[in-house]
Every structure is written in structure tokens, then in C-alpha cells.
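What follows is a set of notes on a single structure, which appears directly below.
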Amino acid sequence: MPACKSGKELQVFEHPSYATCIKTKRDDPSIFITGTYNSSIFCWDIRTGQNEQEYRGKLGQILDLEFLPGCEEFVSSCDVVSRDSANRTIMVWDLRSTAVVSNQLYHEKYTCPCLRRHPSDSVFVAQSTANYIALFSTVRPYKMNKFKRYEGHQLEGYRIGCDFSPDGTLLNTGSCDGRVYVYDYRTSRILKTLQCHAGPCTDVAWHPVLPGVMASCSWDGAVHVWQ
């Protein structure tokens, strides 16, 4: 973990295999969770430098993690897709007890490489390799909205990210055609597309403070900042 200004290494958190994703606890930045290539999820405390909890299952590679409101539960997505494993694609975990709260969220035979929680509403989204973004409730039983989805962009096997604007009105996503697609969160309609990259646009991120500022990156390593 390097310091932002100096780039100096401050702490090292050893994993049994390489870490694939990380998410900081919003109400306590000293706590963060990490996903790994070999199915494990870990909870860490920066103050002690120790692994506080481990969450295990036959999950394959952990693709993404996201805390739910209250930060006492979190969602995971993994790359295991088979006839008997659809109940592991998206799972909700209890942070303290490590118990699985729900594994009956998403039953389609596709992976979900990106999870994002809405800034104010009780919902989160999952980017599906079926070329759409699914909408879920953050309230038990965490049902998927079967009447609303965000579609028009393409993944074609790429691990592509999405992100809500800070005010929650827009949902942006990358696409394998090199564009950023801007969706209206309420209506799920495409408001505009931005031709950003020559190759697949693999991720997007809104600036948390500056309004209307967004970054996008591509498969070839280029990063663009938009306003």
C-alpha cells in the first residue's frame, strides 16, 4: 500500500495468490476487503496490518466486491459458471460472521465483472457478460429487477467496468467498441455515447468531487479524462 503523494510503500498485505479486486469500507477507511484468484476473500485492518476475516467457497476467481448500505454486508461476484454453480455468481456475505447471507440473486449463466452501489438509492448494479447491466435491491432478499436493465453496450468477453455519477442520475459503462455509454439511471435509456478509444474501453470512473469529470481507460493502456 503506497502513499499517494510520495509513492513510498507503507504496508504490505500478503495474499496466497494474486489479489484481483479491493474495496474500502466507506464508514471506516481503515478496513478493506480483497478478492483473490483462488476463491478467497479477505478482510484487512490497516491499523494492525492483519487479516481479520477470511471468506471461503468454491468461487473461482473473485471478479469484484461492493459494500452494501451500512457496510455490514458486502456483495461478491466470481467467474464460476456451470450448471450447478449459478448460485455462486453473485453472493451477499456478512462482514463479521463470514456467513453467506444470500446466494440466490442471479441465476443466468454469465459472469458479472463489475459491481457498483447507487450513491443514494437502495440498489446496486452488476455488469453482465450478457451485454447488459442488471439492477438489484440492497434490501433482503436482494431481488433483481426483471423489468429494468441497461443495454446497448457490448462486452464480448472483456472485463468492462461501470460507474454511477456522484449524484446518481447517470450510469456510465465502457464497451468493446471503444465507446463510453451514458445511461439515464431512472429510465435506463442511452443519453449519449462518447467515442473514446480505438480499442475496447475497459473501465470508467466519475470524479468524486468535481462535477461532470470522468476518466476512461482502454485495453491498450490509454487513460482519458473527460469533462
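Under our numbering, the letters of the sequence shown match residues 556 to 782, in that order.
Just so you know, even glycine gets a beta-carbon here, dropped at the ideal spot from N, CA and C.
When only Cα atoms are considered, isoleucine 745 and valine 737 end up about 6 Å apart.
Distances from the alpha-carbon of aspartate 583 to those of Asp649, Glu627, Leu765, Pro721 put Glu627 closest. DSSP places arginine 734 in the uninterrupted beta strand (DSSP E) bounded by 734-739. DSSP places tyrosine 705 in the uninterrupted beta strand (DSSP E) bounded by 699-706. Counting the other CB atoms within 10 Å of its CB gives glutamate 607 a total below 16, which places it among the exposed residues. DSSP lists Thr589, Glu609 as the beta-bridge partner residues of phenylalanine 597. If you ignore the 5 residues before and after tyrosine 592, its C-beta comes within less than 7 Å of the C-beta of Ser572, Tyr573, Thr575, Gln616, all in its own chain and listed in chain order. With contacts defined as CB atoms closer than 8 Å, leucine 650 and serine 632 fail to qualify as a contacting pair. With fewer than 16 other Cβ atoms inside 10 Å of its own Cβ, glycine 712 counts as exposed. Per DSSP, reduced to three states, the secondary structure at arginine 643 is helical. The C-beta distance from proline 696 to serine 657 rounds to 6 Å, short enough to fall under 8 Å. Distance between phenylalanine 629 and tryptophan 781, taken at the CA atoms: about 30 Å. Rounded to the nearest angstrom, the gap between the Cα atoms of serine 594 and lysine 613 is 6 Å. In the same chain as alanine 753, and ignoring 5 residues on each side of it, the C-beta atoms closer than 8 Å to its own belong to Gly733, Ser773, Asp775, in chain order. In this structure, the straight-line span from the alpha carbon of proline 763 to that of arginine 672 is close to 14 Å. Judged by their CB atoms, isoleucine 601 and proline 668 are not nearer to each other than the 8 Å cut-off. By alpha-carbon distance to glycine 723, the top candidate from Phe622, Trp648, Gly767 is Gly767. The alpha-carbon separation between histidine 708 and valine 759 amounts to approximately 13 Å.
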